[in-house]
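Numbering (the numbering used here), first residue to last: 159 to 306. Backbone N, C-alpha and C fix where the C-beta goes; we use that ideal spot for every residue, glycine too. Values in this document were obtained by computation on a predicted structure and should not be read as measured data.
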Ligand code: 4NP
């Protein structure tokens, strides 16, 4: 799960998908394309919206997306067009690029919709982001582990 800061959207996506796939043998992680918040906890508003939905993301720490992540992960879900551009910019080949997907295309295929960056907005933005990511992660979880 990749966003810009790795403190708002992608930590939520990581926490939500982990909560839906806790029985599956999969590695789920998140990272940011920017380095502004390395080693920081998720934004308090992301921690809050996760908590009221029964998910604890307080142990996460922000890190930067690295080219090695293309080797570690089969699927790389980005939140918006800017993330897509930044992640594919360091791809080494077409196999790397093929792993990168706009996460809301799971819900609205081929529409290339962005998960809006909630960082500079109010709490409502986080609620909205949570709802979008929950819907997308539900579909991803079913694909990865159809037996639930
Ligand atoms: P995120 O939100 O990409 O969802 O983690 C942001 C967090 C911080 C910044 C931008 C976006 N920032 O510019 O500091």
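- Residue 192 holds the alpha-carbon nearest to the alpha-carbon of residue 220 among 244, 247, 192 and 260.
- In the three-state reduction of the DSSP assignment, residue 234 falls in the strand class, which pools E and B.
- DSSP places residue 190 in the strand class (E or B) of the three-state scheme.
- One Cα belongs to residue 292, the other to residue 262, and the distance between them is close to 10 Å.
- Inclusion of residue 236 and residue 160 in the CB contact set at 7 Å is warranted, their separation being smaller than that value.
- At least one heavy atom of the ligand 4NP falls within 6 Å of the beta-carbon of residue 167.
- Here the C-alpha atom of residue 288 lies approximately 32 Å from the C-alpha atom of residue 250.
- In the same chain as residue 164, and ignoring 5 residues on each side of it, the C-beta atoms closer than 7 Å to its own belong to 188, 189, 190, 195, 220 and 221, in chain order.
- In this structure, the beta-carbon distance from residue 304 to residue 166 does not fall below 7 Å.
- Excluding residues up to 5 positions away in sequence, 171, 174, 175 and 178 lie with their Cβ nearer than 7 Å to the Cβ of residue 295 in the same chain.
- For residue 229, the closest of 301, 248, 286 and 162 by C-alpha to C-alpha distance is 248.
- Cα atoms of residue 302 and residue 183: separation of roughly 10 Å, rounded to the nearest angstrom.
- Residue environment analysis places residue 245 among the buried positions, since at least 16 neighbouring C-beta atoms fall within 10 angstroms of its C-beta.
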